[in-house]
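J.:
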Amino acid sequence: MFGVSNWLIAFSLGIASVGYFIIRLVQERRFYKDKPCPPGHSFLWGHLRLLGEVAATMPPNCHPQVYMAAIAQRYDMPGAWYLDFWPLADPVLVVTDPDAAQRLLTGTPTLKHPQVGKFMGPVLGEDNIVSVNGEMWKAGKRMMGSGFSQGYVKPMLSMFSEHVLVFHEKLRKRAEERGEEEFELEGEAAKAIFDVIGSIVFGMSLDAQGKGSVLLEDLRALIQYLSFVITSWNPVRKVVEWWRIRGVKRRSDEVLRKAVLERWEVMRDEGEVPSRRLAKSIMDRVIADWIQSGEVGPPKGEFLHLLVVNLKTLLLGGHGTTTDAFTYTVMLLGLHPEAMRRMREEHDAVFPAGLQESAEMLRTNPAKTNELEYTTAVIKETMRFYPVGFSTRIAPPELKHLDCDGRRLPIEGFMLALCQFASHFDPAYFADPKVFRPERFLGAEGAALHRFAWRPFERGPRACMGQDLAMDELRVLLLLTARWFDFETVPVGKREARTTFFELDALVGDMAFQEMKMGAAVRSGMKMKVRLSGRE
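With the first letter of the sequence shown counted as 1, position 202 gets the number 201 in the numbering used here; the numbers rise by one all the way through.
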């Protein structure tokens with residue numbers, strides 16, 4: 000009798016669970032009946048089947064912004080529309096209208112979605128500045144933000160140039176000795192940019208281009224792990240990789256913790272604490288704050304934890320996104336020789352013709368880079384094609400709706416995907432969006448662009464802190480390489496048009512599509528050939 004009773008209880012609970020699931024399924028699917036969403040909404044699958052069909056036309060592990068842009072153009076979607084992934088994932092409101100996106104970032108600002116922390120936390124730490132909200136985010140912003148001001152960055156361009164000159168010589172040697180040999184530009188550029196960001200963060204070179212950097216290797220392993228988590232379906236491998244990456248994370252955290260404590264000892268022994276304005280690095284600024292606050296002894300506890308987490312976040316984000324932007328800029332310039340010609344002419348007009356002379360001018364007059372208007376337009380056009388990823392938000396309790404295209408759309412409980420990638424290829428905001436045309440950002444045409452449409456760094460209070468640094472890094476990289484080298488992208492995969500929003504896949508195959516890592520990243524390291532341009 001006891002066994003029968005247990006069976007009846009279990010059976011009843013099972014029936015109740017199935018009944019609840021069916022009721023919830025009906026409720027979820029009915030919500031979308033009169034809402035803007037793409038066709039193909041299935042009672043059983045929601046939009047999962049549609050997403051699978053779109054993904055099947057593209058290379059593996061594309062960043063979700065690519066799928067969203069493809070759906071937006073295929074079905075001529077309005078400025079905000081829904082995707083139903085219940086019960087496997089949170090439902091999504093995709094926002095492509097720049098004004099609607101801006102309203103979600105200002106006024107009553109939305110919060111970073113919890114999924115950001117779940118995704119980034121295992122490699123960065125739960126309290127990283129990218130994923131936290133409220134007072135924790137404000138504390139991180141106060142701790143790290145001032146190190147990216149223009150007043151701090153511009154004087155450091157001479158230091159940038161030293162690292163880029165090393166990169167230049169490595170490219171020259173490769174072009175002279177192995178010009179027809181393929182190599183991964185992203186990996187080589189990452190070393191140069193890591194040396195730059197390391198100097199800003201620590202006040203010294205990490206010599207990734209020389210003897211190499213174990214810290215860089217560990218950080219890149221952490222980024223690669225994020226891609227692995229998304230793409231692998233093997234539970235055994237996932238456990239093995241999780242265990243391995245725990246060790247990598249501990250090692251990188253210990254390196255950063257040791258660097259902080261050693262630097263504190265030096266500052267203590269020197270007996271003078273620099274002001275934030277005179278500090279040589281971001282780390283010095285933060286340690287100076289600790290000392291001046293009256294704390295006794297080295298940084299410790301929550302302060303040290305947050306400092307290590309956010310230093311790692313800056314190193315990862317600071318080198319990764321700039322590396323990707325530079326790599327894509329080189330790819331696009333190689334495919335558009337007229338843009339390369341015009342940019343080289345600007346470099347000769349604003350800076351001396353020689354390499355060392357150009358580097359010397361950077362040292363003596365770093366503000367000269369502000370005159371590189373066409374170069375800046377090239378970078379902006381590249382980042383229109385390849386933004387670093389979209390922002391995922393969730394509405395605070397007091398924000399219930401978004402007004403867009405004359406409709407009031409419920410947003411409570413939805414993941415809000417502010418997909419600037421789709422906006423960047425919308426002819427309503429950028430004429431001839433398939434065409435790589437830096438001139439669109441210059442003169443009267445540039446002034447007439449929608450003020451919120453170009454948003455690769457996002458906007459509002461949570462916009463990328465390092466965007467001015469990234470733009471300066473990219474200008475210096477192009478200035479000290481573009482006149483001396485010709486780059487040829489090596490296509491990977493099938494070369495055919497697979498989207499309606501650009502045609503680059505017909506030229507470089509799979510390399511045209513960003514893949515999902517920490518953000519929207521270069522695929523397969525961007526295989527290139529480099530040759531001397533003939534410039535001495």
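The beta carbon of each residue, even a glycine, is placed where N, CA and C say it ideally should be. All values derive from a computational prediction rather than experimental measurement.
Taking only three categories from DSSP, how would you classify Gly561?
T.: With the chain running from 0 to 535 in the structure shown, residue 561 is simply not present.
J.: For Ala452, collect the residues of the same chain with a Cβ closer than 6 Å to its Cβ; drop the 5 residues on either side in sequence, then sort them by chain order.
T.: Translated into positions along the sequence shown, residue 452 becomes position 453. Contacts found: Pro97, Ser422, Tyr428.
J.: Among Asn233, Gly388, Lys379, Ala358, which one has its Cα closest to the Cα of Met67?
T.: Residue mapping note: residue 67 aligns to position 68 of the sequence shown, counting from 1. Closest by alpha carbon: Gly388.
J.: Alpha carbon to alpha carbon, how far is Leu478 from Tyr151?
T.: Taking the sequence shown and counting its residues from 1, the one referred to as residue 478 is at position 479. Taking the sequence shown and counting its residues from 1, the one referred to as residue 151 is at position 152. So the alpha carbons of these two residues sit roughly 21 Å apart.
J.: Measure the Cβ-Cβ separation of Phe84 and Leu123 and say whether it is below 7 Å.
T.: As a working note, residue 84 is residue 85 in the sequence shown. As a working note, residue 123 is residue 124 in the sequence shown. Taking 7 Å as the Cβ cut-off, Phe84 and Leu123 do not qualify as a contacting pair.
J.: Which residue comes first and which comes last in the alpha helix (DSSP H) that contains Asp402?
T.: Counting from 1 along the sequence shown, the entry for residue 402 is found at position 403. No alpha helix (DSSP H) contains Asp402, which is instead part of the beta strand (DSSP E) from 400-403.
J.: When the Cα of Glu183 is compared with those of Lys433, Glu487, Gln223, which residue comes out closest?
T.: Here residue 183 corresponds to residue number 184 of the sequence shown, with the count starting at 1. Considering only alpha carbons, the answer is Glu487.
J.: Are the stretch 300-319 and the stretch 355-370 touching by the rule of at least three beta carbon pairs closer than 8 Å?
T.: Output reads no: the stretch 355-370 does not touch the stretch 300-319.
J.: Report all residues from its chain with a CB closer than 6 Å to the CB of Ser198; omit the five preceding and five following residues, and keep chain order.
T.: Here the question's residue 198 lines up with position 199 in the sequence shown. Within the same chain, Ser198 has close Cβ partners Met158, Ser204.
J.: Nearest-angstrom Cα distance between Gly533 and Trp483?
T.: If you number the sequence shown from 1, residue 533 lands on position 534. If you number the sequence shown from 1, residue 483 lands on position 484. Rounded to the nearest angstrom, the two C-alpha atoms are 7 Å apart.
J.: Quick check: what's the CA-CA separation for Asp283 versus Trp263?
T.: Translated into the one-based positions of the sequence shown, residue 283 becomes position 284. Translated into the one-based positions of the sequence shown, residue 263 becomes position 264. Answer to the nearest angstrom: the Cα atoms are 8 Å apart.
J.: Spell out the partners DSSP gives Arg173 in its beta bridges.
T.: Taking the first residue of the sequence shown as position 1, residue 173 is located at position 174. In DSSP, Arg173 forms no bridge with anything.
J.: For a test of the three-state rule: what should DSSP assign to Asp252, helix, strand or coil?
T.: One-based indexing of the sequence shown puts residue 252 at position 253. Correct three-state label for Asp252: helix.
J.: Could you tell me the boundaries of the alpha helix (DSSP H) in which Arg216 lies?
T.: Residue mapping note: residue 216 aligns to position 217 of the sequence shown, counting from 1. Rather than Arg, the amino acid found at residue 216 in this sequence is Glu. Element bounds for Glu216: 213-230.
J.: Got a sec? Which residues, its chain only, sit under 6 Å from Val521 by beta carbon, not counting five neighbours each side?
T.: Position 522 of the sequence shown, counted from the first residue, corresponds to residue 521. Same-chain partners within the cutoff: Glu185, Asp323, Thr326.
J.: With which residues is Ala520 paired in a DSSP beta bridge?
T.: For the purposes of this step, residue 520 is taken as the residue at position 521 of the sequence shown. In DSSP, Ala520 forms a bridge with Glu514.
J.: Going by DSSP, which residues form a beta bridge with Ala79?
T.: Position 80 of the sequence shown, counted from the start, is the residue given in the question as residue 79. Note: Ala79 sits in a beta bridge opposite Val94.
J.: Along the alpha helix (DSSP H) that carries Arg73, what are the first and last residues, could you check?
T.: For the purposes of this step, residue 73 is identified with residue 74 of the sequence shown, where counting begins at 1. Here the alpha helix (DSSP H) through Arg73 covers 63-73.
J.: Where are the beta strand (DSSP E) runs, 3 residues long or more, that stay fully inside the stretch 325-411, in chain order?
T.: With a minimum length of 3 residues, the continuous beta strand (DSSP E) runs that stay inside the stretch 325-411 are 390-393, 400-403, 406-409.
J.: Should Met0 go down as buried or exposed, given a rule of 16 or more other Cβ atoms within 10 Å for buried?
T.: Here residue 0 refers to the residue found at position 1 when the sequence shown is read from its first residue. Because Met0 carries a pLDDT of 47, less than 50, the predicted location of this residue cannot be relied on, and no value is offered for it.
J.: Could you pull out every residue in the same chain whose Cβ sits closer than 8 Å to the Cβ of Lys311, ignoring the five residues on either side in sequence?
T.: Numbered from its first residue, the sequence shown carries residue 311 at position 312. Leu123, Gly124, Asn127, Leu218, Ser251, Asp252, Leu255.
J.: For Ile281, does the count of other Cβ atoms within 10 angstroms reach 16, so buried, or fall short, so exposed?
T.: On the sequence shown, residue 281 is found 282 positions in, with the first residue counted as 1. When all chains shown are included, Ile281 counts as buried.
J.: Is it the case that the stretch 365-381 contacts the stretch 401-408, given that we only count it when at least three CB pairs across the two stretches are under 8 Å?
T.: Segments in contact, no.
J.: Tell me the DSSP bridge mates of Ala416?
T.: As a first step, residue 416 must be located in the sequence shown, where it is residue number 417. Partner(s): Val93, Thr391.
J.: Anyone know if the C-beta pair for Gln64 and Cys418 falls short of 7 Å?
T.: On the sequence shown, position 65 is the one that residue 64 refers to. On the sequence shown, position 419 is the one that residue 418 refers to. It is a contact, given that the beta carbons lie within the stated cut-off.
J.: Any idea which residues DSSP pairs Val529 with across the strands?
T.: The residue given as residue 529 occupies position 530 in the sequence shown. DSSP, once it has assigned bridges, lists Phe486 as partnering Val529.
J.: Return the chain-ordered list of same chain residues with a C-beta closer than 7 Å to the C-beta of Ser160, the five sequence neighbours on each side being excluded.
T.: As a working note, residue 160 is residue 161 in the sequence shown. Closer than 7 Å at the Cβ level, and outside the excluded window around Ser160, lie Ala358, Leu361, Arg362, Val475, Leu479.
J.: Would you call the CB atoms of Gly541 and Thr105 closer than 7 Å?
T.: In this structure the chain extends from 0 to 535, so residue 541 is not present and cannot be described.
J.: Excluding the 5 residues flanking Gln536 on each side, which residues of the same chain have their C-beta closer than 6 Å to its C-beta?
T.: Nothing about residue 536 can be reported from this structure: the residues present for the chain run from 0 to 535 only.
J.: Is the separation between the beta-carbon of Ser77 and that of Pro35 shorter than 7 Å?
T.: Reading the sequence shown from its first residue, position 78 is the one you call residue 77. Reading the sequence shown from its first residue, position 36 is the one you call residue 35. It should be pointed out that residue 77 corresponds to Pro in this sequence rather than to Ser. Yes, the pair counts as a contact, with Cβ atoms nearer than the cut-off.
J.: Report the residue from Val235, Gly296, Gly518, Ser292 whose alpha carbon sits nearest the alpha carbon of Val265.
T.: Here residue 265 refers to the residue found at position 266 when the sequence shown is read from its first residue. Of the candidates Val235, Gly296, Gly518, Ser292, the one whose C-alpha sits nearest the C-alpha of Val265 is Gly296.
J.: Please give the ranges of any alpha helix (DSSP H) in the stretch 453-511, keeping only runs that are unbroken, at least 4 residues long and fully inside the region.
T.: Complete alpha helix (DSSP H) runs here, min 4: 466-478, 504-507.
J.: Give me the Cβ distance between Ser130 and Gly120, rounded to the nearest whole Å; I'm assuming they're in contact under 8 Å.
T.: As a working note, residue 130 is residue 131 in the sequence shown. As a working note, residue 120 is residue 121 in the sequence shown. Rounded, the Cβ-Cβ distance is 7 Å, consistent with contact.
J.: Looking only at its own chain, which residues have a Cβ that is under 8 Å from the Cβ of Val349, when we skip the five neighbours before and after it?
T.: Translated into the one-based positions of the sequence shown, residue 349 becomes position 350. The answer, listed in chain order, is Lys367, Glu370, Leu371.
J.: So the alpha helix (DSSP H) Gly116 belongs to, where does it begin and stop?
T.: Here residue 116 refers to the residue found at position 117 when the sequence shown is read from its first residue. Taken as a continuous stretch (DSSP letters only), the alpha helix (DSSP H) holding Gly116 covers 113-123.
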